[in-house]
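Chains as they are written, first to last, in my numbering: chain A, 1252 to 1435; chain R, 4 to 457.
Note that the Cβ used here is the ideal one computed from N, Cα and C, for glycine as well.
Keep in mind it's a predicted model, so treat the numbers as computed, not measured.
Notes follow once the structure below has been shown.
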Amino acid sequence: MKPIHLIPLGAPSRPGAEPGLDLLESLAAALARTFRTPCQIRPETFDLSFALDPGRQQYHSTAIIQRLERAMYPDARVLGVTASDLYVPVLAFVFGEAQLDGNCAVVSTARLKEEFYGMPPRQDLLRKRLLKEAAHELGHTFGLRHCPDWRCLMASSHAVERLDVKGAEFCRACRKPIFENGYW
Amino acid sequence: MATAVDAPMATKTRGKILIVDDELVVRDSLGKWFASEGYIARPAGGAREALELIQQLEFDIALIDIKMPGMDGMELQARLHEADPELTVVIMTGYASVETAVQALKHGAYDYITKPVDPDELSHLVANALEHKRARREVERLRENLQEVFPSTELIGKSPAMKKATELIEMVAPTEAIVLITGETGTGKEVVARAIHAAGPRRYMPMVTIHCGGFTETLLESELFGHEKGAFTGAQYRKKGKFEIADGGSVFLDEIGDISLKTQTDLLRVLEEKEIVRVGGDQPIKVDFRCIAATNKNLEALVKEGAFRADLYCRLSVFCIDLPPLRERRDDIPLLVDHFLNKFCMATSRAMPQLSAEALEVLMHHEWPGNVRELENAVERALVVGRGPEIRPADFSFQFRADEPKGGQTLDEVERAHIERILRETQHNLSRAARVLGIDRTTLYNKLRRYGLR
């Protein structure tokens, strides 16, 4: 059974690019409960400066995943977490990206924060959203595609409203591949 | 978002999307994004590749970059539309401008998006485009259904022969069995086919009718199986055949005894494999339909003569319904006359006239070689000719007269005599005479001049 490793992603030139430790700790605890497997926070911060697009001021998520895969242990499921905004070339942004049936995933808290939309900060909501997005991306690493059940964690969500409306659990069908991997 | 591998073109998917962009990174990231969303996406690096792909595969949506080296997005859109008129095109632009948007929409694009694309917007746009396409198909299907099913499926008649036919229809309709309807011309084979379709499990899907006798061999094949663009001179577009159009419904093959041996072979293959290949194409396409066939010919005799394939006959004659000629069920004539009078009077908002006893007597003793169709036409003509509250024997004139001498007269003589008779019956009212004769007033004038009747 592979444990989950959370990697803080930051950029030395940008102090706010790294997520707060308390947020990572609560995420680690919640993911450990969701996947019923150990989840630890790696002590080192992974530098994602190489993936910055200066024009867009966003970081290329696919490039980060490729670099993470080369750098990390193959016997752990790796989730990079950043406070910076992520993109893939044709899309305006992504909340996260994962290798389908692979080992690595990455999520961003940038657009999960209420402040991004001009609202007052809500830490509890950010925690919920981050857990849903992180579990969703990790679900992809188990080979899961988007689920038509809107309540399922694997339901597609490209806006925070959709993220809020879906549940924090996998549906029965999506739970199966994870179960087969020995997590349940 | 998941980094997904390219999936094969499966049949069960949310939709099939063609991505045309000269930038590899755009094709890649969009392809992966669509795959993770449950779509099947195929990338094309340029116009030529896109046009090749559209010939091989069917797509629901094409996402086309407007600026590409060589053929640009607008031109490609027009070419793709020629190849597949049902394809929904969405144009991608690097920058939003009113001119570009107007130009794209003017050229028939469904919508346009600006790069980089908001994933939520893209998700909605693609879902809406697919829904729009499905709705359009549904409308076409319903239109087809209305045209095909709306005509009466009511079987009129209480004679033992008709009761038997009705029982057979009730027996076979709920099944998927192939039905062969035989009977003389005008006995109501198409009405029976509609009744079977309307009472069967496929009633909410279209019933597509094809009168096989009205086409040459090549045209019939193109009608039945469809054709690819350029399959023959004049094939400017890819066209779906009747079997594809009927998807999920029924195909009524009328005058099946008139098709060539070559088409019989192709038809047998379709019935057995439930698979067609469009004329000029090489890809087999799965089709789902129920076959109902009809003929006024003796297929067994044609089989013996070698003009009809025995194996196709065996396949078609799983369940046969033979419709009796009207002369063998004269008891139904009053009911039928009443039905047609009612139908025509309703259509023209006219008070229903009475049928005189003498007129009924004439109808009961006529031979009706044209069967129910002839009776229907006779009633319609009588309603046009007779304007009073009662229909008299003089209001009827029959298309076929079994007792008339068959030889000795030229076609012109027969035509002249017939026009003269109708003129007498309509008291030389040329408009009414033209309606009865089924020609326009100008044609009638020309004929009157030609025969010296003016």
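Name the two residues that bound the continuous alpha helix (DSSP H) containing Glu275(R).
First-last of the alpha helix (DSSP H) with Glu275(R): Leu264 to Glu276.
With the cut-off set at 8 angstroms, would you say Lys245(R) and Val211(R) are in Cβ contact?
Yes, these two residues count as a Cβ contact at 8 angstroms.
If we call anything under 8 angstroms between Cβ atoms a contact, is Leu1319(A) one with Val1357(A)?
A contact, by the Cβ cut-off of 8 angstroms.
Any idea what DSSP makes of His431(R), helix, strand or coil?
Coil, per DSSP.
Which residues does DSSP list as the beta-bridge partners of Ala1262(A)?
Answer is Arg1265(A).
With DSSP as the reference, please indicate the residues paired to Arg1328(A) in a beta bridge.
The partner list for Arg1328(A) (beta bridge, DSSP) reads Ile1255(A).
Check the Cβ-Cβ distances between Ser1300(A) and every residue of chain R, and say whether any is below 8 angstroms.
Chain R, which has no Cβ nearer than 8 angstroms to the Cβ of Ser1300(A), makes this no.
Is there at least one Cβ from chain R nearer than 8 angstroms to Val1345(A)'s Cβ?
Judged by the 8 angstroms Cβ criterion, Val1345(A) is in contact with chain R.
Rounded to a whole number of angstroms, what is the C-alpha to C-alpha distance between Tyr240(R) and Phe218(R)?
If you take the alpha carbons of Tyr240(R) and Phe218(R), they lie about 20 angstroms apart.
Whose Cβ in chain A lies nearer than 9 angstroms to the Cβ of Trp36(R)?
Near Trp36(R) (Cβ distances below 9 angstroms), the residues of chain A are Val1339, Val1341, Leu1342 and Val1345.
At a Cβ cut of 7 angstroms, what residues of the segment 1381-1403 of chain A count as close to chain R, listed as they run along the chain?
Flagged, chain order: His1391, Arg1396 and His1397.
Would you decide whether Arg384(R) is buried or exposed? Buried here means 16 or more other CB atoms lie within 10 Å of its CB.
By the 10 Å Cβ count, Arg384(R) comes out buried.
To be precise: take each residue of the segment 18-43 of chain R, compare its Cβ to all Cβ atoms of chain A, and keep it if any distance is under 7 angstroms. Which residues remain?
If the cut-off is 7 angstroms between Cβ atoms, the segment 18-43 of chain R has Val28, Val29, Ser32, Leu33, Trp36, Ser39, Glu40 and Gly41 near chain A.
How would you call Val23(R), buried or exposed, if buried means at least 16 neighbouring beta carbons within 10 angstroms?
When all chains shown are included, Val23(R) counts as buried.
Mind checking Glu278(R): buried by the 16 CB within 10 Å criterion, or exposed?
Exposed.
For Glu118(R), which residues in chain A fall below 8 angstroms Cβ to Cβ?
Correcting the residue type first, residue 118(R) is Lys in the shown sequence and not Glu. Here the neighbours are Val1341.
Can you give me the C-alpha to C-alpha distance between His1256(A) and Val1332(A), rounded to a whole angstrom?
Their backbone Cα atoms lie some 10 angstroms apart in a straight line.
Quick one: which chain R residues come within Cβ less than 7 angstroms of His1409(A)?
The contacting residues are Pro122, Asp123 and Ser126.
If we call anything under 8 angstroms between Cβ atoms a contact, is Leu1404(A) one with Arg1380(A)?
Not a contact, by the Cβ cut-off of 8 angstroms.
Ignore the nearest five residues each way along the sequence and tell me which others in Val290(R)'s own chain have a CB closer than 8 angstroms to its CB.
Closer than 8 angstroms at Cβ, skipping near neighbours: Phe246, Glu247, Ala249, Asp250, Val273, Lys277, Glu278 and Ile279.
Closest to Gly1353(A) by C-alpha separation, out of Ser1264(A), Ile1429(A), Tyr1368(A) and Pro1266(A), would be which residue?
Considering only alpha carbons, the answer is Ile1429(A).
With DSSP as the reference, label Asp87(R) as helix, strand or coil.
In the structure shown, Asp87(R) sits in coil (DSSP, three-state: anything other than H, G, I, E or B).
Taking the Cβ atom as the reference point for each residue, do Ala86(R) and Ile43(R) lie within a distance shorter than 8 angstroms?
No. Outside cutoff.
Is the separation between the beta-carbon of Gly203(R) and that of Ala168(R) shorter than 8 angstroms?
Cβ distance not < 8 angstroms, so Gly203(R) and Ala168(R) don't count as in contact.
Would Glu1348(A) and Glu1388(A) qualify as a contact pair, given that the criterion is a beta-carbon distance under 8 angstroms?
Contact: yes.
Determine the direct distance from the alpha carbon of Leu223(R) to that of Ala405(R), and round the result to whole angstroms.
Confidence is the limiting factor: at Ala405(R) the pLDDT is only 47, short of 50, which leaves the residue's position unreliable and the question unanswerable from this model.
Can you say whether Tyr207(R) is buried or exposed, counting buried as having 16 or more other CB atoms within 10 angstroms of its CB?
By the 10 Å Cβ count, Tyr207(R) comes out exposed.
Buried or exposed for Ser434(R), going by 16 or more other Cβ atoms inside 10 Å?
With fewer than 16 other Cβ atoms within 10 Å, it is exposed.
Would you list the one or two residues that DSSP bridges to Phe1297(A)?
Leu1260(A), per the DSSP bridge assignment.
Return no unless some Cβ of chain A is closer than 8 angstroms to the Cβ of Ala7(R).
A caution first: Ala7(R) carries a pLDDT of 40, below 50, which makes its placement in the model too unreliable to give a value.
Whose CA, out of Gly18(R), Ala38(R), Met349(R) and Ala47(R), lies closest to the CA of Arg30(R)?
That would be Ala47(R), whose Cα lies nearest to the Cα of Arg30(R).
My output table needs one value for Ser1277(A): the three-state DSSP class, helix, strand or coil.
Three-state DSSP puts Ser1277(A) in a helix.
Between the C-alpha atoms of Ser400(R) and Leu319(R), what's the straight-line distance to the nearest angstrom?
Cα to Cα, Ser400(R) sits roughly 38 angstroms from Leu319(R).
By a C-beta neighbour count over all protein chains shown, 10 Å radius and 16 as the cutoff for buried, is Pro392(R) buried or exposed?
Exposed, by the Cβ-count rule.
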